[in-house]
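2 protein chains.
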Amino acid sequence: MSTKSLRQSQLFTKTRREAPADEVAKNAQLLIRAGYIYKNMAGAYTFLPLGLRVIEKINTIIREEMDAIGGQEMVMPSLQDSALWEASDRWSDDNVDVWFKSELKAGGVVGFGWTHEEVITDLMRQYISSYKDLPKFPYQIQKKFRNEMRAKSGIMRTREFDMKDLYSFSATQEQHDAFYNACSDAYMKIFHRFGIGHMTYKTFASGGAFSKFSHEFQTLAEAGEDIVYVSEAKGVAVNEEVVKEADLSELGVTEGELEKRKSIEVGNIFSLGTKFSEALNLRFTDENGEEKPVIMGSYGIGPARSMGTIVDLLSDDKGIVWPESVAPFKVHLVGLNLDDASIRDWAEGIFDNLTDNGIEVLFDDRIEARAGEKFADSDLIGLPYRVVVSKKSKENGTFEVVTRATGEVRQLTETELYADFDNNPNT
Amino acid sequence: MSTKSLRQSQLFTKTRREAPADEVAKNAQLLIRAGYIYKNMAGAYTFLPLGLRVIEKINTIIREEMDAIGGQEMVMPSLQDSALWEASDRWSDDNVDVWFKSELKAGGVVGFGWTHEEVITDLMRQYISSYKDLPKFPYQIQKKFRNEMRAKSGIMRTREFDMKDLYSFSATQEQHDAFYNACSDAYMKIFHRFGIGHMTYKTFASGGAFSKFSHEFQTLAEAGEDIVYVSEAKGVAVNEEVVKEADLSELGVTEGELEKRKSIEVGNIFSLGTKFSEALNLRFTDENGEEKPVIMGSYGIGPARSMGTIVDLLSDDKGIVWPESVAPFKVHLVGLNLDDASIRDWAEGIFDNLTDNGIEVLFDDRIEARAGEKFADSDLIGLPYRVVVSKKSKENGTFEVVTRATGEVRQLTETELYADFDNNPNT
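So the sequence lines, in the order shown, correspond to chains E and P. Residues in the first sequence are numbered consecutively from 1, following this note's numbering. Residues in the second sequence are numbered consecutively from 1001, following this note's numbering.
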C-alpha cells in the first residue's frame, strides 16, 4: 500500500449492480458490489485493491496496539508436522474436525495450520530456558485454514482467513494475569479504533481447565451467528454456557437483567495454563533453580471478520459508511464535466494538491460516467468525505463537501478544504 | 513492523552457536544461527522478528517498483476450485506434479494454489469487457504451496513461500511488449536495490508458444542450483535450453564466449499470449467492435529466495553483511559496562536520541553478556553499522563506529554520529 492516492480510471475493479445470487450476507454483498472483494468459491475470497487497503489499515491498528503491550511480530508456516499435534492429541480428525490434510509427495501427511499453539510452543523451546527469558509475547498475522462444513456469513466464516494470533509465555500466574488484562484492554482499544467499540462487549465465556473464565469480544449485530446475554445498564455480557453454568452473582448481574442478543465474535482471549507447555515440554528454571512448565495464553482477532462486522454495523441502504480509521481513502474526489479540458486540468490540480497535503484521495476521474452514476458509486464505496470538482465549483470558487456518515453538506473554499482535512490526516 | 527500534533484551530470539545438523545450506545456517528464521520442518520456516523485518523491507522495494509501472496490489486465496484448472488442463497430477490437494468436508476436493494464472483470469472476467479496460496490471504478494519431492537450499526452495506475482492484461501485442520491457527494467532496479544487481543477469530462456524467449533473472552464486551461460564482457546470459536450441548469433554472442556458471533464479517474466484467456474465456471488444482474447503475461519474484540469495552473496566467515536497503535495522548499538547504572542511563539516552533522529536501531542492552559475545553476535546478525557505547566512549566523548561491509573503524563524536546517519536514513 505504498500509493497514497489513486485514480479511479486506473483501478482495475468496477462497482457492480448486483452481488452474486448465492451471496446472502449483507457484508459480502456490499463489499462485492463496491469492488472490495471477489468471491472465488464458497469460503474463499480475493481482497481487491480497495479491500486490501482496508485490511492493511485494520492490521496497522492491531500491530500498533500489540506492539504497545510488548508484542513482537513474526510469521509461522501453514504446513504442519503431525508429530507436534500428536503430542497435544489434536492431530486426529476425531478430536479436531477442521483439519485440511494432504499427502506429501516425499512421503507422509501434512496438515494446514488452523491455529498455532503447538508450533509456537515447539519454537519457543529454542529461546526459553530461564525465568529471565520470560515473559514474552510473540504474535503473527497469518493465514489459517479451517475445513468448515458450511462457509457462511460472507467474510465472517471462511475456509481460509488471516488471523492475528498472539501467544503469551509467563513464569508466574501474576505475570500471566497482568498481560491477560493488558491484552483485554488493548482489544477494546482496537475495537474502538475500528468504530465498533460502542457495540462490542468483553463477554464472559467458559474458561477450561486453567481459569474460571475466558473472554470473547462480541459485537451486537443482527447478522451475528452467536448469542450473548447483555446488561447494557451494567455493561456486562456473558455467553450461553456461563448463563447456564456459572454463578452470575459474582459478575454482579442477575439472569433477569440480561437480554438475549445476536452477536459476532470479533476476538477472544484464553488462559491456556500449562496444557501445551506440558504436552510439548516447554520448561524454564525459576529463581530457585526449580524446573517448571511455562504458563501460556492465546489471543486472537480476525482482520477480515472485523472488516465484515464494520460493514454490517456501519452501512445504510446506499452502501458502506467507513469510519476514517479504516477507510481505504479519506476523500472521494468526484470530478464532473471532465470532458472539458480546462475543468479537467483544474481538477487534476486539486487532486495533486490534496495528495501533496498528505490526504489519501480516490479521484473519480472517469470522463464518460454520468454524475448520477458517480454519486451512486461514491455512496456505495463509502469514503468518509465526498468532494465534488465540477464546472460549477470552479466558477463559484467553492467545493461541495458531503460527510458520508451524517449527510452534512458544506461549501468550502480551496483553502478551507485543505485546512479541514489537514487537521485530521488519516495516515 | 510499526516499531522503529528494538532492545535486544526484549527480543524473544537469541543467536545460536550451531545450526541444526540437517541444515546444509549456508543461507539457512546463517539465518538460523543469527535468529532470523526457524526451521519448522523440511521446506517450512518461521520468519522470526528480525527475519520478518528483512522480508518487509524486500516487499516494500518490490511494491514501490511494481506500483511505479502501474501495478495494483490485491490478494487472492490459496484454496482452489478444480473447475478453473480443468479448463486450462492443469488440475491433473499427471500434468502438474506440485499440487497439494485435500478433501473438503462439505464434499469434493480443493487444491492449494501453486500459481494463480487461472484464478486471476477468472476474476478479471468481471472487470474486462472493452479495450478501454486495458491494459491492467494486478499483482499480489501471496503464499504459494508446492509439493516438492525435495525441499532444499534452505529458504531457496521450500514447500510454502510468498511470491510476488504480477499478471498483465493487454489489448495489443504493443501494449504487452511495452509492459514486458518496463517490468524487466523494474526487476533489474529491484535486484540492484537488494544489493545483488551486479551479479544478476537477465537471462534468455525458452519462450513457449507465444514468444521466442521468456526471461529469467539469474544471480551468479556458487550455492545456485541452476546453470547459466554468461558472457560478462557482453553482459549476455542464456540458459541451457537456449544454448542448445536457439540461434545465439541473434543475441550477439557465440557459444565460445559463454562461460558456464552456477546461479540462483531470483525472478522470471513470461509472455503467456492468449493461452489462459482462451481456456477461461477472457475476451474484450476492440475499437472496431471485434471480440478478442486478452493478451497476458506473468512476472514473479520470491521475497524469501531473494533474502537467501542476498545472504549467500553478502556474508563472510563471521556472519551476514546486510546491505542498508534490506537490513532489519541500520545500526547495532552495542552497550558495554551496562552493570554501571551511570553508563546504562547515558547509553539509554544515546539509544533514544538515535531513534528520535529517525534511525532504526537494535540496542544490545543485555547486562550480563560479555563484550566478546556481543561483538560476535553483532557480526553474525550483520547490521550495516556497529556503534559501541561503553565507559570508554563516555569518557572519551567519541564512539567507535564499525562499518560491517568494509571493516572500516571510525571514532565519531555524538554530533558527528547523528549527522552521519541522518544523511542517509534507511526508512
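Quick reminder that beta carbons are idealized off the backbone N, C-alpha and C, glycines included. Predicted model only: the values in this text are computed from it and were never measured.
| Query | Result |
| --- | --- |
| Report yes or no: is there a C-beta of chain E within less than 8 Å of the C-beta of residue 1366 (chain P)? | no |
| Determine the contact status of residue 1111 (chain P) and residue 1142 (chain P), defining contact as a CB-CB distance below 8 Å. | no |
| What residue range does the beta strand (DSSP E) around residue 23 (chain E) cover? | Premise fails: residue 23 (chain E) is in no beta strand (DSSP E) and is neither H nor E. |
| In angstroms, rounded to a whole number, what distance separates the CA positions of residue 1226 (chain P) and residue 1265 (chain P)? | 7 Å |
| Helix or strand or just coil, what does DSSP make of residue 1329 (chain P)? | coil |
| Take residue 1214 (chain P) as the anchor and find which of P:1378, P:1017, P:1203 has the nearest alpha-carbon. | P:1203 |
| Would you list the residues sitting across from residue 72 (chain E) in a DSSP beta bridge? | E:138 |
| Can you pull the chain E neighbours of residue 1149 (chain P), defined as C-beta to C-beta under 9 Å? | 105, 106 |
| Going by DSSP, which residues form a beta bridge with residue 1121 (chain P)? | Paired residues: none, contrary to the question. |
| For chain P, find out if any of its Cβ atoms is closer than 8 Å to the Cβ of residue 72 (chain E); answer yes or no. | yes |
| Please identify the residue among P:1136, P:1023, P:1086 whose C-alpha is closest to the C-alpha of residue 1071 (chain P). | P:1136 |
| In chain order, what residues of the segment 1125-1139 of chain P put their CB closer than 9 Å to some CB of chain E? | 1126, 1127, 1128, 1132, 1133, 1136, 1137, 1138 |
| Grouping DSSP H, G and I as helix and E and B as strand, with all else coil, what is residue 60 (chain E)? | helix |
| Suppose the cutoff is 7 Å on Cβ atoms and the five residues either side in sequence are ignored; what does the same chain contact list for residue 73 (chain E) look like? | 63, 139, 140 |
| Going straight from the alpha carbon of residue 1097 (chain P) to that of residue 1149 (chain P), what length do you get? | 9 Å |
| Find out if the Cβ-Cβ distance for the pair residue 1218 (chain P), residue 1229 (chain P) is shorter than 8 Å. | no |
| Taking only beta-carbon positions, decide if residue 166 (chain E) is within less than 8 Å of chain P. | no |
| Report back the beta-carbon spacing between residue 388 (chain E) and residue 336 (chain E) to the nearest angstrom; my notes put them in contact at under 8 Å. | 6 Å |
| Which runs of the beta strand (DSSP E) at least 3 residues long sit entirely within the segment 1249-1280 of chain P? Give them in chain order. | 1259-1273 |
| Hey, does residue 143 (chain E) have any beta-carbon neighbour from chain P nearer than 8 Å? | yes |
| Grab the span of the alpha helix (DSSP H) containing residue 160 (chain E) for me, first residue to last. | Careful: residue 160 (chain E) lies outside any alpha helix (DSSP H), inside the beta strand (DSSP E) at 160-170. |
| Suppose you measure from the CA of residue 1161 (chain P) to the CA of residue 113 (chain E); what does that come to, to the nearest Å? | 15 Å |
| Check residue 81 (chain E) in the structure and name its three-state DSSP category. | strand |
| Which of the three DSSP states is assigned to residue 288 (chain E) in this structure? | coil |
| From residue 364 (chain E) to residue 9 (chain E), what distance separates their C-alpha atoms? | 7 Å |
| State the Cα-Cα distance for the pair residue 1209 (chain P) and residue 1272 (chain P), rounded to the nearest angstrom. | 8 Å |
| If you measure between the beta carbons of residue 131 (chain E) and residue 285 (chain E), is that distance less than 8 Å? | yes |
| Below 7 Å on C-beta distance, what does residue 45 (chain E) contact in chain P? | 1077 |
| Along chain E, which residues have their Cβ under 7 Å away from the Cβ of residue 1172 (chain P)? | None at all; the shortest Cβ gap to chain E is about 18 Å. |
| Could you tell me how far apart the beta carbons of residue 88 (chain E) and residue 279 (chain E) are, in whole angstroms, since I believe they sit closer than 8 Å? | 4 Å |
| Using 8 Å as the Cβ pair cut-off and three pairs as the minimum, do the segment 1297-1317 of chain P and the segment 1162-1172 of chain P touch? | yes |
| Name the residues in the segment 1112-1123 of chain P whose C-beta lies less than 8 Å from a C-beta of chain E; which are they? | 1112, 1119, 1122, 1123 |
| Which runs of the beta strand (DSSP E), 3 residues or longer, sit entirely within the segment 1300-1365 of chain P? | 1331-1335, 1361-1364 |
| For a contact meaning CB atoms closer than 7 Å, what does residue 1052 (chain P) contact in chain E? | 73, 74, 75 |
| Just grab the DSSP bridge partners of residue 243 (chain E) for me. | DSSP, once it has assigned bridges, lists no residue as partnering residue 243 (chain E). |
| Using the Cα positions of residue 41 (chain E) and residue 1101 (chain P), report the straight-line distance between them to the nearest angstrom. | 16 Å |
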